[in-house]
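Number of protein chains: 4
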Amino acid sequence: MSVARVAVVGASGYTGAELLRILLGHPSVEVALVCAHKEAGKRVSQVHPSLRGICDAELVPFELARVRDAADIVFCALPHGASAGIVGQLADAGLRVLDLSADFRLRDVSVYRHWYGEHPRADLLAHAVYGCPELHRDAIREAALVAVPGCYPTASVLALAPLLARDLVDSRGLVVDAKSGVTGAGRAPTQGTHFPETAEGIRAYKLGGQHRHTSEIEQELSLVAGHDVRITFSPHLVPMSRGILVTAYASSRDGTTVDRCREAASAMYASSPSVAVLEAGEHADTLWVRGSNRAHVGYFVDSRTGRVIAQSAIDNLVKGASGQAVQCLNVMLGLDERTGLSGAAVYP
Amino acid sequence: MSVARVAVVGASGYTGAELLRILLGHPSVEVALVCAHKEAGKRVSQVHPSLRGICDAELVPFELARVRDAADIVFCALPHGASAGIVGQLADAGLRVLDLSADFRLRDVSVYRHWYGEHPRADLLAHAVYGCPELHRDAIREAALVAVPGCYPTASVLALAPLLARDLVDSRGLVVDAKSGVTGAGRAPTQGTHFPETAEGIRAYKLGGQHRHTSEIEQELSLVAGHDVRITFSPHLVPMSRGILVTAYASSRDGTTVDRCREAASAMYASSPSVAVLEAGEHADTLWVRGSNRAHVGYFVDSRTGRVIAQSAIDNLVKGASGQAVQCLNVMLGLDERTGLSGAAVYP
Amino acid sequence: MSVARVAVVGASGYTGAELLRILLGHPSVEVALVCAHKEAGKRVSQVHPSLRGICDAELVPFELARVRDAADIVFCALPHGASAGIVGQLADAGLRVLDLSADFRLRDVSVYRHWYGEHPRADLLAHAVYGCPELHRDAIREAALVAVPGCYPTASVLALAPLLARDLVDSRGLVVDAKSGVTGAGRAPTQGTHFPETAEGIRAYKLGGQHRHTSEIEQELSLVAGHDVRITFSPHLVPMSRGILVTAYASSRDGTTVDRCREAASAMYASSPSVAVLEAGEHADTLWVRGSNRAHVGYFVDSRTGRVIAQSAIDNLVKGASGQAVQCLNVMLGLDERTGLSGAAVYP
Amino acid sequence: MSVARVAVVGASGYTGAELLRILLGHPSVEVALVCAHKEAGKRVSQVHPSLRGICDAELVPFELARVRDAADIVFCALPHGASAGIVGQLADAGLRVLDLSADFRLRDVSVYRHWYGEHPRADLLAHAVYGCPELHRDAIREAALVAVPGCYPTASVLALAPLLARDLVDSRGLVVDAKSGVTGAGRAPTQGTHFPETAEGIRAYKLGGQHRHTSEIEQELSLVAGHDVRITFSPHLVPMSRGILVTAYASSRDGTTVDRCREAASAMYASSPSVAVLEAGEHADTLWVRGSNRAHVGYFVDSRTGRVIAQSAIDNLVKGASGQAVQCLNVMLGLDERTGLSGAAVYP
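Given below as structure tokens:
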């Protein structure tokens, strides 16, 4: 079996660490180059002590020529804004890129501008494929530039897409109440992620339609529904390191039952080994997926109030970021989607 | 100042411990008797080591005569079902009772039957007052039997009542997504509250209209709204010991703004020192109220989707149980509501 | 009863918040002035949302004249180094000061220099009293400058002092293995206190005799023992917000038993209502003291190895800082030591 | 490459779940049979939801004939006492067994009797090999019965063995202060592992020489030292799910430095890919090894007090139980020790 040479750019954060953890165990990948900016010159194991004795490569500054010489495919784990320029260079040089930032996820440049500001490389948007294999597997296969989805959109879309695809719910009035672990905020320390301000408490943030991931979720749900969909999206910070739980609310169509919801999801994800549909009556739990590339989705119907409640649980750093990126890589390489990703959750 | 002699029945659980913590620091209360069943014969400080050196009273089995001799007012912190019989005896004997169970919270016996089964002392329902001072202060003042609300209803009703009272939202289609700390499940260990099954994960339970507190919330919101209100209620278990955060969703009426919501709450809670209305843009956090009898409420409007998002944060064992019971006692005794309850949250 | 007018200087950190929480509930204290540097101009409730509706005073910059006009006694909760200058001004102006920093805890200026560098106000060292009422109650009563002990020294000294006072252990070879909650590191966010780097893991820091608190512990134990005592001190960071647990190891003298250790502690702390001696066989738990000014101490003897194991548990922000400061204030004012500090732990 | 057929007996607990997680990803193993007692009849994925979509085998009751037909090698993850009988049957039937209980770890039956009571199958003790590959690799290779060490002994012995082997410390007066995550207490819920009794607190248990693992640690350290060694062993419960941190204290020999300690460990573990020796000045952290089969060891010297401080960090369920069992299996099968175990920690 041939081996793909990959580079990781932006390797010093949590998604970088998770990419390395997964890629170093991937049987068809060689990690050929690891780039970082501030931490350049250090060894990977100094920046990520979990990799001591596993990877002692030196972190080098990004240089296009060096990346081009070393790698065929590049994972880019930089912040949005910073990512577009480097991804642009890589794409211009003919390298296939998996970008974990938000820069190439939105198809409509005006939507990008509304949420993020001017786009540095709007010319590439038309070529980028949204890297959710469960929805865009065929396009990913041939893609030169894959925009790996954010953690909230992955969890939200996987839960709701089957309901919209089968018209089991009214697409108006959707509410997504999402609960995230703290790694979703990245590795840089802030007052709000200081341990004593986070442990033993829960709070929402950016309520009232302010979170940028809203735009991604709406884009993907609109594609599935075939018409414009808007959501009320409420992110919460939970005192745990990893995991996203989505509890989404929709008005039921007549005749919608838990079983029909489950069937819709089973059908939509029939070729998607990362997604499991929970039994009727079973509640999703982020513990069950922590450290794995798996997504659990489940459904409840409240017949007293005519509501369908859709749930999903993922690990935000794996299925919500680095694992999903590697899953896309597998699709691009024609491998089984689970290659290097078959491990069960580290439970408990 | 005269001192009320109180008894605590059912003192071995978490709400019992919290009652003792608060009552032992209350300047107008003497804890005259402490009853428990399984733990009878032990000292309070053996069952609650946090009270070592503070309360060494012996736990005694419940006997009506003994309670009647020792106390004027009784706090009953027993499980629902078990509570009704003992509360009935106490009420028959002419003692004023503050019951922390669900047994006397519902006005309609058929609603009780639907959610809990046959009522052992339905005759007392008409005499019981729902112990939320913010809504029923005058009735509590004269009450012989106060049914102290559950933790979820307290948080849910405080957040939503001002909106319904002023018709700022449509009362149809309300969604209450609630997140609770683990003490809400009581002191008895279970598989689901075993540390490794709870830490580092979040999950919902009883989705789809199965949680009994739904009935209480609907009763109180219906009273405020002046017509029947139904809610979709989704409880979640969060890896923290104390606290409830409610994020509630309602369809906005035309012209509803964050400021109008805040004004409605400020007006409704003008005489309620336990409730604070957060600033516009401020998100509630259970950390800010932990260990205190305070409730924080706040509002957001998502103009893109026409939603009002109401938030509240309380400590489930204080404002959601034992603190609220003492607040009711203060009202019954004609004291300042804050007596013995003025402490700030233990933060962080 | 007369009321003392106090000022709090350095009110924006965790010990400042805790001072305010306690002082605002103290019946013989008026919080007359609250000073902070960076946060000056904000209201206390903006900086400490737990005080919303309880204290809305404005934080003002420190000015000697203003403090002198407003207050008789000053709590100073500044970092070491920064504290000495301001404490010096206050002392020169004749104000009684309770300093929570390390600046005036060491009697020997050369020891200070070794661990902290040059002392800015060494002239005041002779006048300062080490603010552990259990050891220095009489001196505190008359003190003009009280140096409130650090959290580690409080826990370590309370556990070991009775053993050394009665010569129940060899004072050579003492080991103090201490475990602290994260608030011990202060309010400023750092990489090492970022939630994901702290939750679900435990680590030591400054092993091998590097932690500055070593000097305080040795000073106080030497005083008790009557000769120089050295300790091996190993601090650890535990994924919890509050609490210090000390497990200390000493070589047993012949004939030392658990009961003799417990008797020694009971005798030493007979007039100390904040300290409780645990039963034989009982293990200390930081949960039992969280949010309270209480210290639990306990003893085990391993007869197989000739070791005495001494334990203590405190809340680092209360008995390890702000509560102890108020306890000293009570001693200075001739009040019952427990005034404003009688509350039980917020458990669980 | 040939594939070993293995059975797992006692698959419903946490070590069972972890065995399955690891074995299902092991390239040279087929999980042929999964046995459980109470949960027999259920599917593995019902008992361990983390395995949904990964393993849907049915749990069957243990029957010797069935195991013998299906498997060549058996992992036994039963409680001590219960294990000996079944391991005995398997051994009598000629199957190779890896036992994760304490039943065959002690060489001296009188030591077993002292700590555990009468041994049900003392005849097998002479044939059992202590399953720590770092110390007994050659014996494990040919063993019919491997007694996989407990979590505390693994961490303690790996830290201290190099020091004793090189006589860098006095073997008298060793202190092992160990801190464990809650999964070490197993899957059955108890009062002491109920979330609210464990979160946000730390406590020791079985202080004073009461913990049974003491005997294992002393046995192995005595073997390394060449003479009887006794330790003071103090286990603590930390609010985290996984991980053991050991901080061990020993009196230094003259001339012992951090570098000599590190060299001793590097030499002893030169052929042991699971063990990494930390840099001088670096503190071990359980976060860095969580979910992996790795052990980190490190050393400090306190020259003021003549103490060597040895540290180690492992994941109690992996290197402290199931991972180590699979590592032994690899040795028995002549495979690279890391096979199926090469993954990095799931960090953070």
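Residue numbers (this note's numbering), protein chains in the order written: chain A, 1 to 348; chain B, 1001 to 1348; chain C, 2001 to 2348; chain D, 3001 to 3348. Beta carbons are placed, not taken as given, at the ideal position from N, Cα and C, and that holds for glycine. All values reported here derive from a predicted model rather than from experimental measurement.
Query	Result
Applying the 10 Å Cβ sphere with the 16-neighbour rule, what's the burial state of residue 1067 (chain B)?	buried
Name the residues in the stretch 1279-1292 of chain B whose C-beta lies less than 9 angstroms from a C-beta of chain A; which are they?	1281, 1283, 1284, 1285, 1286, 1287, 1288, 1290
Comparing alpha-carbon positions, which option in A:323, A:278, A:286 lies nearest residue 3046 (chain D)?	A:278
Let me make sure I understand the geometry here. Which of D:3126, D:3051, D:3181, D:3071 has the alpha-carbon closest to that of residue 296 (chain A)?	D:3051
Taking contact to mean 3 or more Cβ pairs, one atom from each stretch, closer than 8 angstroms, check whether the stretch 1007-1024 of chain B and the stretch 1313-1326 of chain B are in contact.	yes
Which residue's Cα is closest to the Cα of residue 3129 (chain D): D:3331, D:3241, D:3344, D:3337?	D:3331
Identify the residues that DSSP records as bridge partners of residue 2273 (chain C): which are they?	For residue 2273 (chain C), which the question treats as bridged, DSSP gives no partner whatsoever.
Comparing the C-beta of residue 195 (chain A) with each C-beta of chain C, is any distance below 8 angstroms?	yes
List the residues of chain B whose Cβ lies closer than 7 angstroms to the Cβ of residue 215 (chain A), in chain order.	Near residue 215 (chain A) there are no residues of chain B at all, since even the closest Cβ is about 11 angstroms away, more than 7 angstroms.
Would you mind sorting residue 1049 (chain B) into buried or exposed? The rule is 16 or more other CB atoms within 10 Å of its CB.	buried
Taking a cut of 8 angstroms between CB atoms, which residues from the stretch 155-176 of chain A lie near chain B?	173, 175
If the cut is a Cβ gap below 7 angstroms, which residues of chain D does residue 2302 (chain C) touch?	3208, 3209, 3232
Run through the stretch 3077-3155 of chain D for me and flag every whole alpha helix (DSSP H) of 4 or more residues, listed as ranges in chain order.	3082-3092, 3109-3116, 3133-3142
Do the stretch 2078-2087 of chain C and the stretch 2098-2117 of chain C make contact, defined as three or more Cβ pairs closer than 8 angstroms?	yes
Does chain D have any CB closer than 8 angstroms to the CB of residue 1241 (chain B)?	yes
State the DSSP-derived secondary structure class of residue 1195 (chain B), mapped to helix, strand or coil.	helix
Who are the Cβ neighbours of residue 1294 (chain B) in its own chain at under 6 angstroms, not counting the five residues just before and after it?	1274
From the beta carbon of residue 1021 (chain B), is the nearest beta carbon of chain C less than 8 angstroms away?	yes
Measuring only the C-alpha atoms, how far is residue 2202 (chain C) from residue 2192 (chain C)?	11 angstroms
Looking at the unbroken alpha helix (DSSP H) that takes in residue 1217 (chain B), where does it start and where does it end?	1213-1225
Using C-beta distances below 8 angstroms, list every residue in its chain close to residue 3038 (chain D), excluding the 5 sequence neighbours before and after it, in chain order.	3012
Closest to residue 2306 (chain C) by CA distance: which of C:2334, C:2340, C:2258 is it?	C:2258
Within a Cβ cutoff of 7 angstroms, which residues of the same chain sit near residue 1327 (chain B), ignoring the five residues on either side of it in sequence?	1133, 1274, 1293, 1337, 1341
Does the count of Cβ pairs from the stretch 2216-2224 of chain C and the stretch 2144-2159 of chain C closer than 8 angstroms reach three?	yes
With residue 3018 (chain D) as the anchor, note down where its alpha helix (DSSP H) starts and where it stops.	3014-3023
Going by Cα to Cα distance, which pick from D:3162, D:3145, D:3044, D:3204 is closest to residue 3225 (chain D)?	D:3162
Please list, in chain order, the chain B residues whose beta carbon lies closer than 8 angstroms to that of residue 3142 (chain D).	Here the premise fails: no neighbours, minimum Cβ distance about 36 angstroms.
Establish whether the CB of residue 1137 (chain B) and some CB of chain C are separated by less than 8 angstroms.	no
Buried or exposed: residue 1216 (chain B), going by 16 or more other Cβ atoms within 10 Å of its Cβ?	buried
Sort A:325, A:329, A:314, A:34 by Cα distance to residue 181 (chain A) and report the nearest one.	A:314
Looking at chain A, which residues of the stretch 1245-1267 of chain B have a Cβ within less than 7 angstroms of any of its Cβ atoms?	1245, 1247, 1249
For residue 1149 (chain B), which of B:1167, B:1077, B:1110, B:1164 has the nearest alpha-carbon?	B:1077
Helix, strand or coil for residue 2263 (chain C), going by three-state DSSP, please let me know.	helix
Output the boundary residues of the alpha helix (DSSP H) element that contains residue 2043 (chain C).	Unbroken run through residue 2043 (chain C): none, as it is neither H nor E.
In this structure, how does DSSP classify residue 2311 (chain C) when only helix, strand and coil are distinguished?	strand
Report yes or no: is there a C-beta of chain A within less than 8 angstroms of the C-beta of residue 1011 (chain B)?	no
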